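2 protein chains.
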Amino acid sequence: MNNSESPQDMVPPVEGVAGGGTAYGWGDGSLQVQDQSLLRGTIDPTRVPTSELIHVWSMPNTANVGPQEMPRPLEPVSLLAARNERESIQIAIRPKVSWSGTNIAGVVQIQCTDLCSTSGDRLVIGQSVTLRRVVPILGVPDALVPIEMPISQINLLPGETSAIWISIDVPSTQPPGQYDGEFIVTATKADAEYAAQFLGKSEKHQLYRELKNCLDVIEPIDGKTVEEVVERVKSANTTLRRVLLSPSFSEFFSENGPLDMMDEDANLSIHVKLSLTVWDFVLPETPSLPAVIGISDTVIEDRFGVKHGSAEWYDALEQHFKWLLQYKISPYFCKWGNSMRVLTYTSPWPADHPKSDEFFSDPRLAAYAVPYSPVVPCGDLTKDYLQKEVEILRSKSHWKKAYFYLWDEPLNVQQYDAIRHQASEIHAYAPDARVLTTYYSGPSDAPLAPDNFLKVPGYLRPHTQIYCTSEWVIGNREEMVKDILAEIQPENNEEWWTYVCMGPPDPHPNWHLGMRGTQHRAVMWRVWKEGGTGFLYWGANCYDKATVASAEIKFRRGLPPGDGVLFYPGEVFSSSHEPVASLRLERLLSGLQDIEYLKLYSSRYGREEGVGILEKTGMYLGPERYTLEHTPIDMMRGEIFRTCRS
Amino acid sequence: MNNSESPQDMVPPVEGVAGGGTAYGWGDGSLQVQDQSLLRGTIDPTRVPTSELIHVWSMPNTANVGPQEMPRPLEPVSLLAARNERESIQIAIRPKVSWSGTNIAGVVQIQCTDLCSTSGDRLVIGQSVTLRRVVPILGVPDALVPIEMPISQINLLPGETSAIWISIDVPSTQPPGQYDGEFIVTATKADAEYAAQFLGKSEKHQLYRELKNCLDVIEPIDGKTVEEVVERVKSANTTLRRVLLSPSFSEFFSENGPLDMMDEDANLSIHVKLSLTVWDFVLPETPSLPAVIGISDTVIEDRFGVKHGSAEWYDALEQHFKWLLQYKISPYFCKWGNSMRVLTYTSPWPADHPKSDEFFSDPRLAAYAVPYSPVVPCGDLTKDYLQKEVEILRSKSHWKKAYFYLWDEPLNVQQYDAIRHQASEIHAYAPDARVLTTYYSGPSDAPLAPDNFLKVPGYLRPHTQIYCTSEWVIGNREEMVKDILAEIQPENNEEWWTYVCMGPPDPHPNWHLGMRGTQHRAVMWRVWKEGGTGFLYWGANCYDKATVASAEIKFRRGLPPGDGVLFYPGEVFSSSHEPVASLRLERLLSGLQDIEYLKLYSSRYGREEGVGILEKTGMYLGPERYTLEHTPIDMMRGEIFRTCRS
């Protein structure tokens, strides 16, 4: 050893403190365990505070919480909702350590209580409060798969964040006030680790044989001598004693019985406080803005193996119709024909069928499609079909919701003429019938003007009442809205609706997978700002063809991912037959609810203020200028709550 | 009904056939089930061919098989390996449908047989053939987590591809020839679905109480009257009969007992044929190219809670050393000090300790680091430490593997002087000692020349023997290699080694997470082409600080993901304490093995041909021109097999 060497060279250097190992220890402090020994060796989650094992934090419903979402501080959840409104929040969970001996980081038990007000009113878990798991589709968080309530278990994977979607549906009659509850997360052992508590199959068979022998010994005692009976009973006693003292039952030897671990967990759990302010505004039972959404009957027929027109087919369509109504949209079933001719119908039954009345009268339905020709062709019925149907429907009070959607995006004179032809027939039977036409262009083979698109109303009038234009055509040219509206004649009951489908693309609002949550929700903000009175979306179940209900979901070739798909077959994710909503469908609903808030505000302060609040809060300024963060949404809702509550 | 309407308008149109619904049915045909009824309703995987339920296909070891990997046709696997070589292949599995009623798509049983030759030689599963699950890190497939062999179960998720990594380690003594085996995948039921076969806890407790009562009734019969005994026995009979006829035991009522589902599965499974040609080349026991890789002892100390110098600490280091040797690398432990001074050592024990001899003599070790100062300071030992150590080591035959690595990337005159100072001392005791210095620049405060970097050897000589330069400096300027080599004096036992760390970045070869598999493997192809005689990597376990073994793995701030991390603590993924290799570590090994093939080829046909074959096969032409696909790798290996086998 050279003596000129300074003594500090002899001390092993410390990584991260003195140079080297870039930023070693920067993330230190995430594990502030009181007793580190509890995390050494095998970790027993029933003896360690859950907060040592996992991160739990809340995220707004516009966040796309994927596996790589990083933890944030846990704060109490505070929400605002009107009556007849659904409000949602996400709880994200990520393991800090692995405590399961298996392929996962660990199992957590999640539990949600009722939300209760001080006056004893409740929002009941499983009814008004529901829990779903956020499942990625093509790697993007999208499917909301129901989980058991009020308690369920989920597996956490190492290095991956999981998210639970909590929705609160406030009934129309719910008393306003503050409702409090808790979401409780408890790290626990995997079922396999509890398996010691169960009797395995071979063990059970052994037990069965022993008891059977025992019975064989003591059952036939009639006519036996006392000695023999005593002998047999003693033999049975021995067998029974051996059985009862076997390891199978060892847990019951103690008088007190085994500890119930579940009870012990309570103090170790993470409690997320949920607080919801319900205010006196009641969202209208019938949505103010009709959002009509297509459901492909072909997809239902193929996927669920139901034959067009069969009893199972009617059942399947009814199930879809009813499930979708909760999203405040107005479903129509559809089939595509030649050159984008479409057959659209909200009820698969004829107009005089009681089910049609039930469907059309549902107050949650804002609009319904009447088929131009029979959905299920049936001999004589076909003749004079349209006239008969229209005559029946015209006599009903729900007739004001009716519309005819005959052709998707006509592109040439022939197609436009087909619409005129069909519409003439309809209007012959019902002059007040509404025909809806979607378009993004006038006829390409006979341009109407340099503004081929803008001049369509003049070209189609009086054969269309609902002029439904593509948002893609408008793009970022918001000033075009004025020109479109100038061509519409509201005084003649004409309306302007819009639609999105493949376009507009990012960064404009649309419902493609991979877009931001606020971008999904902004589809409806855009409608509100532009002033359209209705909205159309071509498909909610337009996955690619499959003939098995639980077949992998594939998007169709040529479409952006998620386009035409707003929910999934439940069979893909579990044994449930209930459809599984996408995050994008929830955001559609949220957007429609935002419109109700904005409409309330406008009813008090005028349309100008109702648009101005979008800008004031920074929520939505235009198709390329809307908030990427959630806060402005809560600001808008909070402001309307403050200014409009009674 | 207007009679001018053509009849075809009355027929509901068919989606996808006639317009509409872009590309509906394009993916049709993936489910060619003979009997569709087997996939309707609840799917019983024990009655349906597994091929109806899942896709199975093979992928080369350079593929990064993530959850979105799309199915390919299943083809038999055909591999080539030398003796003392590891060759790997991946089997990808993706559900076509969901058949589990739970949160997953379904469970598959995977099984691998031994590989056998016609002459009866074997590569035994669990020994020479191993199975690991590919697990994503930060969303990128990287960790290889061991699974049970020969049979294990894995969960498949809807819409996600899983991958199994099969490695075959061919022993040096394995007879050449063709070895055949099978990888078998069988869709099965989840454990939970078998749970009906088990007795739950409360059911078991009930059973216990009934039997206990039964025993209480018939046990004390001594001194009882006959009538009383008969009465008691009858009561016991009733209880026993009730117990035996309870649903708990219903499966045993039939004489034949329940069917054993496992046995039935065989014909329904997917069999992937595995064929391996072992050829007579034996990879050298000691790797031709020393690849020295740093292991942070600080990380081991913090993460596993072992105190520096304690018995547990020596154990932990030894475990790491031995585990890493299988990857044909030469580990050194290290700590960073001030200004990138490093303390590096391959054995934690002093030179005279038998363990040091064991470590250094291991034929798989190509080079070892000798610490300049004591690793575990210990009173008297410190004095004259270096001199004594060197004197001991110089007397050993393994001394030729020794090197001293004193400073990481010196940057100024003071740091370069420190190296000279320490090296002088070392050379005073051992003139033939090798000092290794990593650098990417000459001293910044006294530039050596316009080519500050190139002139370092002249500046450091004779205080460094292994000039280890950053590949990042070379970048795409391959002509610079000539200039570097011109400064090295091999005749004076000087060597040129290289290293990668943070740089070079994509698209150059490196080991960052998210790079292509061939890009990982090309690190060693680059070394071969450039002609360096050794390689250094700064860290294999340099995750961020954690004080719990199973804590989530976090990469250090400021480093590209995966940089400094080539394996993970096993505790994160399971209860195993064995480290978990990354895909990148496997590709490092493959690259080192490729060098042995190329060296063999060069020994026959010369260095020029040995470099030429890289170009001829399209495998590697330069840091920005190497194959992105696997095929050229097999071409290179196949060509060397054909031309060099005896």
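Each protein sequence line maps, in turn, to chains E and R.
Numbered per UniProt numbering, the first sequence spans residues 1 to 646.
Numbered per UniProt numbering, the second sequence spans residues 1 to 646.
Yeah, the Cβ is synthetic: ideal placement off N, Cα and C, and Gly gets one too.
Being a predicted model, the structure only gives us computed values, none of them experimental.
In whole angstroms, what separates the C-alpha of residue i from that of residue j?
i             : j      : result
S162/R        : I168/R : 20 angstroms
P45/E         : I553/R : 20 angstroms
H320/E        : I293/E : 12 angstroms
W472/E        : I595/E : 21 angstroms
E409/R        : S444/R : 12 angstroms
M149/E        : I184/E : 12 angstroms
residue 648/R : K96/E  : For residue 648/R there is no data in the structure shown, the boundaries of chain R being 1 and 646.
L207/E        : T238/R : 17 angstroms
K401/E        : A433/E : 10 angstroms
H398/R        : W349/R : 16 angstroms
D260/E        : V230/R : Confidence at D260/E is low in this model, with a pLDDT of 41, below 50, so its placement is unreliable and no value can be given for it.
Q489/E        : E608/E : 21 angstroms
R72/R         : L53/R  : 15 angstroms
K335/E        : V375/E : 10 angstroms
V456/E        : W165/E : 44 angstroms
E578/R        : G475/R : 36 angstroms
Quick one: grab the DSSP three-state call for residue i.
i             : result
K335/E        : strand
S470/R        : strand
L276/R        : strand
G458/E        : helix
P7/E          : Because the pLDDT at P7/E is just 36, under 50, the model does not fix this residue reliably, and the value given afterwards should be weighed accordingly. Helix, per DSSP.
residue 647/E : The requested residue 647/E does not occur in the structure, where chain E is confined to residues 1 to 646.
A486/E        : helix
H421/E        : helix
V140/R        : strand
F453/R        : coil
N213/E        : helix
C501/R        : coil
A82/E         : strand
Y568/R        : strand
G223/R        : coil
Check the DSSP bridge columns for residue i and list the partner residues they point to.
i      : result
Q153/R : Q109/R
N476/R : Partner(s): none; N476/R has no beta bridge.
T438/E : D408/E, C468/E
P60/R  : I89/R
L55/E  : Before going on, a small fix: residue 55/E reads as His here, not Leu. Answer is R94/E, bridged to H55/E.
R625/E : G622/E
L536/E : V292/E, Y499/E
E182/E : K273/E
What residues from chain B crowd round residue i, counting only those whose CB sits closer than 7 angstroms?
i     : result
Q90/E : The structure shown contains no chain B; the protein chains it does contain are E and R.
Item to check | Near-chain E residues of the region 234-249 of chain R (beta-carbon distance less than 7 angstroms), N- to C-terminal order | outcome: Using a CB distance below 7 angstroms, the part of the region 234-249 of chain R facing chain E consists of A236, N237, L240, R241, V243, L244, F249, ordered along the chain.
Checklist entry - Taking one C-beta from the region 95-103 of chain R and one from the region 127-137 of chain R each time, how about it: are there three or more such pairs within less than 8 angstroms? => result Counting Cβ pairs under 8 angstroms, fewer than three are found: no touch.
Item to check | Residues of the region 562-587 of chain R with Cβ closer than 7 angstroms to any Cβ of chain E, in chain order | outcome: When C-beta distances to chain E are compared with 7 angstroms, the residues of the region 562-587 of chain R below that value are E571, V572, F573, S574, S575, in chain order.
Checklist entry - Do the region 57-64 of chain R and the region 287-301 of chain R touch if we need at least three Cβ pairs shorter than 8 angstroms? => result When Cβ pairs closer than 8 angstroms are counted between the two stretches, the region 57-64 of chain R is seen not to touch the region 287-301 of chain R, the count staying below three.
Next on the checklist: What are the residues in the region 541-552 of chain R lying within 8 angstroms of chain E by C-beta distance?
Outcome noted: Here the close residues are C542, D544, K545, A546, T547, V548, A549, S550, A551, E552.
Checklist entry - Listed from N- to C-terminal order along the chain, which residues in the region 214-232 of chain R have their beta-carbon within a distance smaller than 7 angstroms of any beta-carbon of chain E? => result Going along the region 214-232 of chain R in chain order, one finds C214, L215, I218, E219, I221, V226, V229, V230 with a Cβ nearer than 7 angstroms to chain E.
Checklist entry - Touching or not, the region 483-500 of chain R and the region 527-540 of chain R, by the rule of three or more beta carbon pairs under 8 angstroms? => result They touch, by the three-pair rule.
Checklist entry - Just by C-beta distance, which residues in the region 393-413 of chain E are closer than 8 angstroms to chain R? => result Taking 8 angstroms as the Cβ-Cβ cut-off against chain R, the residues of the region 393-413 of chain E that qualify are D408.
Checklist entry - Residues in the region 67-86 of chain R with C-beta within 9 angstroms of chain E's C-beta atoms, listed in sequence order? => result With the criterion set as a beta carbon lying under 9 angstroms from some beta carbon of chain E, the members of the region 67-86 of chain R are P67, Q68, in sequence order.
Checklist entry - What residues from the region 144-161 of chain E come within 9 angstroms of chain R, judged by C-beta to C-beta, listed N to C? => result Against chain R - using a Cβ distance shorter than 9 angstroms - the residues of the region 144-161 of chain E are V145, I147, I154, N155, L157, P158, G159, E160.
Checklist entry - Is the region 273-285 of chain R touching the region 73-84 of chain R, taking contact as three or more C-beta pairs under 8 angstroms? => result With contact defined as three or more Cβ pairs closer than 8 angstroms, the region 273-285 of chain R and the region 73-84 of chain R are in contact.
Next on the checklist: Count Cβ pairs between the region 522-534 of chain R and the region 560-579 of chain R that sit closer than 8 angstroms; are there 3 or more?
Outcome noted: Flag = no, the region 522-534 of chain R and the region 560-579 of chain R do not touch.
Checklist entry - Are at least three pairs of beta-carbons, each pair with one atom in the region 576-589 of chain E and one in the region 503-521 of chain E, less than 8 angstroms apart? => result The region 503-521 of chain E and the region 576-589 of chain E touch, with three or more beta-carbon pairs separated by less than 8 angstroms.
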